[in-house]
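One structure is given here, and the rest of the page talks about it.
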Amino acid sequence: MATSTILLIAAIVGTIAWAVFFGGKLPVPFGARSCQGRNWRRSFPNASKDEIRQFLSTFTDSFAFQDREKLKLNPNDQLLDIYRALYPHRWQADALEFETLSEDLQSKYGVNFNSAWREGLTLGQLFEHVQQARK
45 MATSTILLIA
55 AIVGTIAWAV
65 FFGGKLPVPF
75 GARSCQGRNW
85 RRSFPNASKD
95 EIRQFLSTFT
105 DSFAFQDREK
115 LKLNPNDQLL
125 DIYRALYPHR
135 WQADALEFET
145 LSEDLQSKYG
155 VNFNSAWREG
165 LTLGQLFEHV
175 QQARK
């Protein structure tokens, strides 16, 4: 085998290993938190635990975070803060997380993400928008 082929294979294996080991985790400081379920229940006492968890799963799926990390997110977390923690450099290409979130919200809840979007939008505000659309 040629040296370039070996290097290419090593790069592919290294990338896959890196993604398996480090991928899917919430960025700092979000991933270092304990469970935020109590804050969600306080903020949305009329919502069931299942509704909150399904919404958070939709969000974590859209951003390719591990589902077990979902309850580390707080209702006051701004979507752009999470995005910027994931992509701290402007030159970094993203994985179309907001576009995926928009499609997922439309298909699961019938919610138009663009109508809810604004600078400073929090997860709690988006959840509230989803809850209102379901009524």
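Numbered according to this note's numbering, the sequence shown spans residues 45 to 179.
All residues carry an ideal CB built from backbone N, CA and C; glycine is no exception.
By the three-class DSSP mapping on this structure, what secondary structure does Gln176 have?
If DSSP states are grouped into helix, strand and coil, Gln176 belongs with the helices.
Which first and last residues belong to the alpha helix (DSSP H) in which Asn118 is found?
It is not in any alpha helix (DSSP H) - Asn118 carries neither H nor E in the DSSP assignment.
Would you mind listing the alpha helix (DSSP H) stretches within the region 120 to 158 that are 4+ residues and don't spill past its ends, in chain order?
Those alpha helix (DSSP H) runs which fall completely within the region 120 to 158 and span 4+ residues are 123 to 130, 141 to 153.
Check each candidate in Ser87, Ala139, Gln136 and name the one with the smallest Cα separation from Asn118.
Taking only the C-alpha atoms, the option nearest Asn118 is Ser87.
Out of curiosity, what's the CA-to-CA distance linking Ala160 and Pro71?
If I take the Cα positions, the gap works out to 24 Å.
Smallest Cα separation from Thr166: which of Lys179, Asp125, Val155, Arg178?
Of the candidates Lys179, Asp125, Val155, Arg178, the one whose C-alpha sits nearest the C-alpha of Thr166 is Asp125.
For Thr47, is the classification buried or exposed, using 16 other Cβ atoms within 10 angstroms of its Cβ as the cut-off for buried?
The residue is exposed, with fewer than 16 neighbouring Cβ atoms inside 10 Å.
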